[in-house]
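What follows is a short report on a single structure.
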Amino acid sequence: MRVRLAQGLRPVVGRLTTEEVRDQLGDTNSGSLRRDLGDIKSGQRARMARLGFERLLFMYDRFGLDPYAALSAPPAVRVH
40 MRVRLAQGLR PVVGRLTTEE VRDQLGDTNS GSLRRDLGDI KSGQRARMAR LGFERLLFMY
100 DRFGLDPYAA LSAPPAVRVH
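Residue numbers (the working numbering): 40 to 119.
Written out as structure tokens, the structure reads:
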């Protein structure tokens, strides 16, 4: 579930800088934010799975996104 939520955030945070995301979230812990954004942008399931569920829901809330839409969307297909 956390991976699906992170995949839903990927298009949003992928085009923003860390500073723009920090401004949007009002986050002051820049080290944690950089790590979280790196995990989301990487697209690696293992890295996205270590993100906290509450943190992901907080990001969805601050970006004005619907987490239920991300969970109900078809899973992303990985092409090798």
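Even for Gly, the Cβ is constructed at its ideal location relative to N, Cα and C.
Straight-line CA distance for R101 to R84? Counted from its first residue, the sequence shown places residue 101 at position 62. Counted from its first residue, the sequence shown places residue 84 at position 45. In a straight line, the C-alpha of R101 is about 23 Å away from that of R84.
Let me confirm a value: Y99 is counted as buried when at least 16 other C-beta atoms fall within 10 Å, else exposed. Which label applies? Stepping through the sequence shown from its first residue, residue 99 is reached at position 60. Y99 is buried by the Cβ-count criterion.
Three-state class that DSSP yields for G103 in the structure shown: In the sequence shown, residue 103 corresponds to position 64, counting from 1. Reduced to three states, the DSSP call for G103 is coil.
Could you tell me whether the stretch 89-99 touches the stretch 43-59, where touching means 3 or more Cβ pairs closer than 8 Å? yes
Please confirm whether V51 and L104 have their CB atoms less than 8 Å apart. Residue mapping note: residue 51 aligns to position 12 of the sequence shown, counting from 1. Residue mapping note: residue 104 aligns to position 65 of the sequence shown, counting from 1. Against a cut-off of 8 Å, the Cβ pair of L104 and V51 comes out as a contact.
Leaving out the 5 sequence neighbours to the left and right, which residues in its chain are closer than 6 Å to D66 when beta-carbon positions are compared? For the purposes of this step, residue 66 is taken as the residue at position 27 of the sequence shown. Correct list, in chain order: L72.
I need the straight-line Cα distance from S69 to E59, nearest angstrom please. To locate residue 69, count along the sequence shown from 1; it is residue 30. To locate residue 59, count along the sequence shown from 1; it is residue 20. Distance between the alpha carbons of S69 and E59 is about 12 Å.
Straight-line Cα distance separating R43 from A108: The sequence position of residue 108 within the sequence shown is 69, counting from 1. The sequence position of residue 43 within the sequence shown is 4, counting from 1. Their Cα atoms are separated by approximately 10 Å.
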